[in-house]
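Asker: Chains as they are written, first to last, in the working numbering: chain A, 1 to 355; chain B, 1001 to 1355; chain C, 2001 to 2355; chain D, 3001 to 3355; chain E, 4001 to 4355. Ideal placement from N, C-alpha and C gives every residue a C-beta, glycine not left out. Let me give you the structure first, and then I'll get to my questions.
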Amino acid sequence: MHKLHYPPPGSAPTAVSVPAEARPTSIKLIEYDAHSFVEKQVGAVDELLDSLENQKVTWVNVEGLGSVELLEELGRVFQIHPLAIADIFTVGQRPHLDAYDRQVFLLLQMVYQNDELELVFEQLSVLVGDRFVLTFQEEPGRDVFEPVRNRLREGAGNARFLRNDYLAYILIDTVIDHYFPAVEKIGEAIEGLEESLLEKPTRENLREVHEIREALALLRRAIWPQRDLLLRLWHDDSELLSDRTKPFIRDTYDHSLALIDLVESYRDATVNFMELYISGLSMRTNEIVRVLMVLSSIFIPLTFIAGVYGMNFDRASSPLNMPELSSPIGYPAVLLLMAAVAGGMLLYFKRKRWL
Amino acid sequence: MHKLHYPPPGSAPTAVSVPAEARPTSIKLIEYDAHSFVEKQVGAVDELLDSLENQKVTWVNVEGLGSVELLEELGRVFQIHPLAIADIFTVGQRPHLDAYDRQVFLLLQMVYQNDELELVFEQLSVLVGDRFVLTFQEEPGRDVFEPVRNRLREGAGNARFLRNDYLAYILIDTVIDHYFPAVEKIGEAIEGLEESLLEKPTRENLREVHEIREALALLRRAIWPQRDLLLRLWHDDSELLSDRTKPFIRDTYDHSLALIDLVESYRDATVNFMELYISGLSMRTNEIVRVLMVLSSIFIPLTFIAGVYGMNFDRASSPLNMPELSSPIGYPAVLLLMAAVAGGMLLYFKRKRWL
Amino acid sequence: MHKLHYPPPGSAPTAVSVPAEARPTSIKLIEYDAHSFVEKQVGAVDELLDSLENQKVTWVNVEGLGSVELLEELGRVFQIHPLAIADIFTVGQRPHLDAYDRQVFLLLQMVYQNDELELVFEQLSVLVGDRFVLTFQEEPGRDVFEPVRNRLREGAGNARFLRNDYLAYILIDTVIDHYFPAVEKIGEAIEGLEESLLEKPTRENLREVHEIREALALLRRAIWPQRDLLLRLWHDDSELLSDRTKPFIRDTYDHSLALIDLVESYRDATVNFMELYISGLSMRTNEIVRVLMVLSSIFIPLTFIAGVYGMNFDRASSPLNMPELSSPIGYPAVLLLMAAVAGGMLLYFKRKRWL
Amino acid sequence: MHKLHYPPPGSAPTAVSVPAEARPTSIKLIEYDAHSFVEKQVGAVDELLDSLENQKVTWVNVEGLGSVELLEELGRVFQIHPLAIADIFTVGQRPHLDAYDRQVFLLLQMVYQNDELELVFEQLSVLVGDRFVLTFQEEPGRDVFEPVRNRLREGAGNARFLRNDYLAYILIDTVIDHYFPAVEKIGEAIEGLEESLLEKPTRENLREVHEIREALALLRRAIWPQRDLLLRLWHDDSELLSDRTKPFIRDTYDHSLALIDLVESYRDATVNFMELYISGLSMRTNEIVRVLMVLSSIFIPLTFIAGVYGMNFDRASSPLNMPELSSPIGYPAVLLLMAAVAGGMLLYFKRKRWL
Amino acid sequence: MHKLHYPPPGSAPTAVSVPAEARPTSIKLIEYDAHSFVEKQVGAVDELLDSLENQKVTWVNVEGLGSVELLEELGRVFQIHPLAIADIFTVGQRPHLDAYDRQVFLLLQMVYQNDELELVFEQLSVLVGDRFVLTFQEEPGRDVFEPVRNRLREGAGNARFLRNDYLAYILIDTVIDHYFPAVEKIGEAIEGLEESLLEKPTRENLREVHEIREALALLRRAIWPQRDLLLRLWHDDSELLSDRTKPFIRDTYDHSLALIDLVESYRDATVNFMELYISGLSMRTNEIVRVLMVLSSIFIPLTFIAGVYGMNFDRASSPLNMPELSSPIGYPAVLLLMAAVAGGMLLYFKRKRWL
């Protein structure tokens, strides 16, 4: 289950509450245009002032939410709306897009798999302004953006020729594309489960189905709002997004649709699995119960017959008392009777297809 | 189940029916601008007339719906539509927004947890006018707005610099944010249940799932219409809401979406739980039944054999009558036969994986 | 199940078919303005001609659909579209709103509870014209509108000061508000059922759940289209509805939303009930079966042991034949063995938590 | 299951494939205005040329799709789009409306009940042009339009005073209204099933529920697209439909909504039936199993006791060996013991409410 | 389960990754107008330059995605957007339509049945430009377009008189119409299954239902987005699609609706099947269990009676000890008693309808 973070009710809407497990803040600046590329670690917010004025694309990546002061100073320098600042600190939020006056604020959820192969989400806030892109990550270590940085460093493709909106696009696209391996992994788990369920359902399968369902529920809750966000971004009419970038946004939107398609069809599959499991199980139990009951049913009348001839009525008292016991063929006759009863019942059950 | 309140059918639409458990009415006035702050208990409606004329923001908080006269007088002074007055008195209503001529009327449901940890809803009516905000609460005691009053008293943040629409926003935001702890609590109950259901489902779990479902149904019925209300408020084009307040309304709207997300995913979880419960249960019973039937099935033929040799056929009458009984190795042979039958069946069941 | 009424296929669309159980027609006229109030039984349609010309609000209430001629004459006098006339006679219809040239035709379903506490629906057709409201009821006896008439007679509230659209509103509002007690009743039945289902489900509960479901299905089918109708009425841009009446229509629309909310949540509840019932039942049976099987399982090996020592092997023939029988402690030893087997199995079952 | 007809993939879109079971084509012309009425069988398409030019309403009814040439000639004379011609020949299609340049093409499905009371669908294509209506039926025999023809012959109502769009409306209305008896029939079957399911579910019921579901699925697939088609027709802004006809179209649209309402509520009912069936069945089996297991459980310990005293331990060997057997009250004591055990268990089961 | 293809996250959006199983690329050119028809295999992209300039319709069909260079050269010559190029190479994608500046890019999924009768999808990319249509297929062998080529070669119908948008339409239409045989095949499988399920459900049926469900899931995921794509194409307002072609697109759209209709109703059918299967199975087991339990229940008391008279109480010790054994009619009386008990129970079970 998703851990819930929320500011204490009644607090001011722009009040900032640092998450308990927040990591120390570090700031990295990347600045480039078609001809130049600068990358450096930034100690104080003042060092960014130059970048605000030149004509290059500025990407400020903030890792770790430990320092409120640093972020509020950033907020003042880049004129970030206080609600956006508060959003950055409230981790575990639903992805959404907030259009502010001359900025677009995007709150995304990145997905990773940790060492135990569980899904881990990390909140990424992206603020797209005039010439800059600000990104805020919870964790300093995990870096999905390294390939992006490499492409910028190398100036490969048209990345460095385009404006900051294209940079924002690349970052969002990278976040969305990271969902594919996570979804694929679940697809493989489902495929493995399928055969097991059709062959011989076990108690363990039940837990596996349940875990897959929970993972899918988490992915759905992350992907659907990001789809909405991309749709709004595509149809956005602010001037922050250029016409050249729009087809790329649509492409990422198509990816989000493909992800939703997959997640929904996996979800349908798990519903079918649950039914398969239950009906396979009851099929199996029914078979066993049927066979055993038929078996018992055959022996019960036989045991009764044996019981009758085990009675101790005094043959001496009356010729009516169990004359069979003295008959010279009494025993074989009874054995034959038993065989006939058993055979008759077997035949009857066979004909009824109960065996 | 929600208690249903409604005016007797056929009564006039604006007819007021005081709820049976209504509490005595008390009125509190808060009046402020950037430079001043006044807070006082008001005895008669006349005392509010001054506040209507000055340029300060006026917040009149009415607690308890016991006095129809007082509220109707308020209605006349603040020119409240008779339908709004009737709505205030009909407690337990579905949240909704009614735009009147120069006023917006909001009917909200606040949520609390009582001492038995059950969810309790309290209706809050908010009337936003030109320079004033009127709030009507059912219960005088429970005060969710105390932190808001404190912020106003201290002049913290920008609360006192903004118009009455911002005050209305803060109040709505406080109401919505109070849903988070309630929803979180349910999330915890679900998590606790999950392990128990996967390990060993008990009868008590069934009642717990049912109670969680009911609580979720109540929360859904309260949150969904409040989401609609916030959306309408955000897109409202009356002049009552300033552009500066709009981003804040959107923020609260985002909160309501996050709440819905949570409630819906908890709801899905309980559906899964029900299935887990049922299939876990039948899995367990199936196991027991299988083992016991196998056990019985092994002993039934053995008992039959014992029964046969317990028959009293008269060996003297004929050599065909139970000659086994006189055989010197009759008894050990029969014991061996029994062991062979039991062993054979055990093997068969093992091979069939019924054990 | 709802009884289906429809004209024979292939008949003219405006053909009128009097329902089999139609009651004799009677016409009542109410005419008022702020200063006057007239109420009279009308024998012939001619008596209404005056009312058509004066400036007062005219309410013609027709009870019983027995006389086609009378209604067709009314149709000519009030210029009612032939399709509307045909609709009035086709009882049991889905509620709908038909906007004609200068008239609005509403077909509503009133709900009552009969003496056996079953839901009974009665079709009410309302025709709103320039200065008049025509209402057509199936049954002459049942009068939900008596409180409305009283309010008009007494001139209470603003009823008599407003135009005929307000009268139409009051009538619709009365119809909708009559659904609340019907829905409330179902709510109570659900609450009663809930405890029974959680404690000890009985066969009777199944029938009760089924009956509640059917009643809810009937209510849904009546309320949803009336909600749509009210929404269209609220957003209607014909001049028949004045701006003063619109907020009242919206209020009734809010009532219909509240009703739908209730009906849908009761419906969800019955779905849960069905699941509760089934799983509670299988829980109960599982418990019984488990306990009884464990019991039997303990006795079956014991009976087998007793069977063994009931065999009649001839001890004289060989010392191998049942030497235990002659052992001085044979009997107590066997009893001890039986106790040990029983005890061992009980322990095993306890440890497995099967008991 | 619906039989699927489709042109071979890769063939030209306007290619015509005559259905295997096509019947010979015959053409009937009806021509009328307010003052005249002509009805005749037409041998060759040329005979229709006159009708194209005069000012009367022309209705050409084509029965049987056996002759491609005749229909293609009709197509040339009436300027029918080749896609419409191809549609006429592809029977068993989903109802739809295609607006061509100055014609509206409607493809409808008529419903009948054959002698075995099964639902049979027949495709009806309607082409509405300037002054003419062309209808194409699969089967020559079955005539739902005879009452329409009679109304035209007799000049009853306003049928003959109106344009050809009204004729088209009458035909569509007749098709839709023919669904009512089919749906009603299913409603009766459902009602019959309901009692049986609540009282005592049988294996036959399962098949009946299944057949009702299939019939409902077929009706849904026919009615929903016809509803869409009527909605589009109502909101159509081509000049082919006059304002006088529009309210009639809306009336038929209302009928389609009523049909959908019925079909959907019957569908919900069958879902409930399935649940009723399953839970009623398991309730019944549970009862039987419970009673029989309790019965067996009582006798099993008694049989064990009898077994113990049937053992043959040698009383002579030791006073410890079954001294009870020699006790003067041994037998009655054991019988009492058995009665006590049975009574005790009965009491226990009663108290546990297992009996 | 669908195999998932996606570019490595973090790679450039326009990066091309050749699928592992890509086949060598071959290019075929078809060029025609009303009077001429040229068809040739093309070795190098340069050979297409002429075709770009003349006024004929140009269809370039590329089979096999093995050569990135060839396709990128094509991209430069025909000015294809890099995202479209990347899409062509990412096989197994969700169908979608991307409108570029003066081109429309369509990504479709063709469906085939392989030799094992499984569904196989193949991605078809269609690029519609000014005077040309480019198509890209994964596999060189399978040619669904041969009938289309034949129609062009023969100049049958109006294919060669129309612009390239009509050619694009024919190709799309052919792709969609190929779904009909695939869907029909599933329909037949469903019909076969139905009877088996109603008569006697087997374990094999479960797997068949599951496989049908998976095939339907794959078809749904392919058809739904293609329906959306056709709807967008129909309502497209770019000048690439002429008004003459639009009705044809609508026709194909109607086909896609018919396919969806079929797939959805088959899906409903499989849900019903699952329920039929489960309830038929439990019905069957319940019957067997009932009959066998009744049988056992009759014998258990009889065996008990036999057990009682098999006890060895010493008649000599006391006249109270089993005097029945010495009674001259003891044995027949006990036999009668047994018959009476068995008869009584049979009667009771018959009356309770347990037999």
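Count the other CB atoms within 10 Å of the CB of residue 2266(C); is the residue buried (16 or more) or exposed (fewer)?
Answerer: Label assigned to residue 2266(C): buried.
Asker: If we ignore side chains and look at the alpha-carbon of each, how far apart do residue 2141(C) and residue 2090(C) end up?
Answerer: Cα to Cα, the separation comes out at about 20 Å.
Asker: Find the residues of chain A that neighbour residue 4299(E), judging by a C-beta separation of less than 7 Å, and give them in chain order.
Answerer: Those within 7 Å of residue 4299(E) in chain A are 300, 301, 304.
Asker: Roughly how many angstroms lie between the CA atoms of residue 2313(C) and residue 2341(C), to the nearest whole one?
Answerer: If I take the Cα positions, the gap works out to 24 Å.
Asker: Assuming residue 23(A) contacts residue 92(A) under a Cβ cut-off of 8 Å, what Cβ separation, rounded to an integer in Å, is found between them?
Answerer: Residue 23(A) to residue 92(A), Cβ: 15 Å. No contact.
Asker: What do you get for residue 4161(E), buried or exposed, if any count of 16 or more other CB atoms within 10 angstroms of its CB means buried?
Answerer: Residue 4161(E) is exposed by the Cβ-count criterion.
Asker: Between the C-alpha atoms of residue 132(A) and residue 1243(B), what's the straight-line distance to the nearest angstrom?
Answerer: When rounded, the distance between both Cα atoms is 25 Å.
Asker: Applying the 10 Å Cβ sphere with the 16-neighbour rule, what's the burial state of residue 4337(E)?
Answerer: So residue 4337(E) counts as exposed.
Asker: Short of 8 Å Cβ to Cβ, which residues in the segment 4256-4282 of chain E face chain A?
Answerer: Listed by position along the chain: 4274, 4277, 4278, 4281, 4282.
Asker: Please confirm if the segment 3075-3089 of chain D is in contact with the segment 3146-3153 of chain D, defined as three or more CB-CB distances below 8 Å between the two stretches.
Answerer: Touching, no, given that fewer than three Cβ pairs across the two stretches are closer than 8 Å.
Asker: Less than 8 Å between CB atoms is the rule here; does residue 4293(E) satisfy it with respect to chain D?
Answerer: Answer yes: the Cβ-Cβ gap between residue 4293(E) and chain D drops below 8 Å somewhere.
Asker: What's the C-alpha gap between residue 192(A) and residue 277(A)?
Answerer: Cα-Cα distance, rounded: 14 Å.
Asker: Does the beta carbon of residue 1148(B) fall short of 7 Å from some heavy atom of the ligand GDP?
Answerer: This structure does not include the ligand GDP; it has no bound ligands of any sort.
Asker: Entirely within the segment 4242-4314 of chain E and at least 4 residues each: give me those alpha helix (DSSP H) ranges in chain order.
Answerer: As far as the segment 4242-4314 of chain E is concerned, its whole alpha helix (DSSP H) runs of at least 4 residues are 4246-4308.
Asker: Leaving out five residues on either side along the sequence, give the residues of the same chain with a beta carbon under 6 Å from the beta carbon of residue 2001(C).
Answerer: Because residue 2001(C) sits at a pLDDT of 42, beneath the cut-off of 50, its placement in the model cannot be relied upon, and the point is left open.
Asker: Using a Cβ-Cβ distance under 8 Å, would residue 2339(C) count as near chain B?
Answerer: Output row for residue 2339(C): interface = no.
Asker: Determine the closest residue to residue 3199(D) out of 3328(D), 3326(D), 3283(D), 3018(D), with distance taken between C-alpha atoms.
Answerer: Cα-wise, what sits closest to residue 3199(D) is 3283(D).
Asker: Just checking: is the beta-carbon of residue 314(A) within a distance shorter than 8 Å of some beta-carbon in chain E?
Answerer: Taking Cβ atoms only, chain E reaches closer than 8 Å to residue 314(A), which makes this a yes.
Asker: Do the segment 236-256 of chain A and the segment 4173-4180 of chain E meet, that is, are 3 or more Cβ pairs less than 8 Å apart?
Answerer: Judged by Cβ distances under 8 Å, the segment 236-256 of chain A makes no contact with the segment 4173-4180 of chain E, as fewer than three pairs qualify.
Asker: Out of 1308(B), 1135(B), 1215(B), which has the shortest C-alpha to C-alpha gap to residue 333(A)?
Answerer: Checking every option, the nearest Cα to that of residue 333(A) belongs to 1308(B).
Asker: Just how far apart, CA to CA, sit residue 4293(E) and residue 3279(D)?
Answerer: C-alpha separation (whole angstroms): 21 Å.
Asker: Can you pull the DSSP bridge partners for residue 2059(C)?
Answerer: According to DSSP, which records beta bridges pairwise, residue 2059(C) is partnered with 2030(C), 2133(C).
Asker: Hey, which unbroken runs of the beta strand (DSSP E) at 3 residues or more fall wholly within the segment 3090-3122 of chain D?
Answerer: Taking only runs of at least 3 residues, the beta strand (DSSP E) segments lying wholly in the segment 3090-3122 of chain D are 3096-3099, 3104-3113.
Asker: In angstroms, rounded to a whole number, what distance separates the CA positions of residue 1275(B) and residue 204(A)?
Answerer: Approximately 15 Å between the Cα atoms of the pair.
Asker: Does the distance from the C-beta atom of residue 1082(B) to that of residue 1014(B) stay below 8 Å?
Answerer: The answer is yes: Cβ separation under 8 Å.
Asker: Beta strand (DSSP E) containing residue 3144(D): first to last residue?
Answerer: Premise fails: residue 3144(D) is in no beta strand (DSSP E) and is neither H nor E.
Asker: Check whether the segment 3100-3119 of chain D and the segment 3060-3076 of chain D touch, using three or more Cβ-Cβ pairs below 8 Å as the test.
Answerer: With a cut-off of 8 Å, the segment 3060-3076 of chain D and the segment 3100-3119 of chain D do not count as touching, because too few Cβ pairs lie within range.
Asker: Decide yes or no for the touch test of the segment 51-63 of chain A against the segment 160-175 of chain A: beta carbon pairs closer than 8 Å, at least 3 of them.
Answerer: Taking 8 Å as the limit for Cβ pairs, the verdict is that the segment 160-175 of chain A does touch the segment 51-63 of chain A.
Asker: What's the gap between the Cα of residue 1051(B) and the Cα of residue 1031(B)?
Answerer: Using only the alpha carbons, I get a separation of about 8 Å.
Asker: Hey, residue 1018(B) and residue 1049(B): beta-carbon distance below 8 Å or not?
Answerer: Not closer than 8 Å, so no.
Asker: From which residue to which residue does the beta strand (DSSP E) around residue 4183(E) run?
Answerer: Here residue 4183(E) belongs to no beta strand (DSSP E); instead the alpha helix (DSSP H) covers 4179-4199.
Asker: Quick one: residues in its chain with C-beta nearer than 8 Å to the C-beta of residue 1321(B), no 5 flanking neighbours on either side, listed in chain order?
Answerer: Around residue 1321(B): 1313, 1314, 1315.
Asker: Using a Cβ-Cβ cutoff of 7 Å, what residues of the segment 2314-2330 of chain C are near chain D? List them in chain order.
Answerer: Listed in sequence order: 2325, 2326, 2327, 2328, 2329, 2330.
Asker: Report back the beta-carbon spacing between residue 4304(E) and residue 3299(D) to the nearest angstrom; my notes put them in contact at under 8 Å.
Answerer: The Cβ separation is near 5 Å, so the contact holds.
Asker: Would you kindly work out how many angstroms separate the C-alpha atoms of residue 1016(B) and residue 1136(B), rounded to a whole number?
Answerer: Approximately 15 Å between the Cα atoms of the pair.
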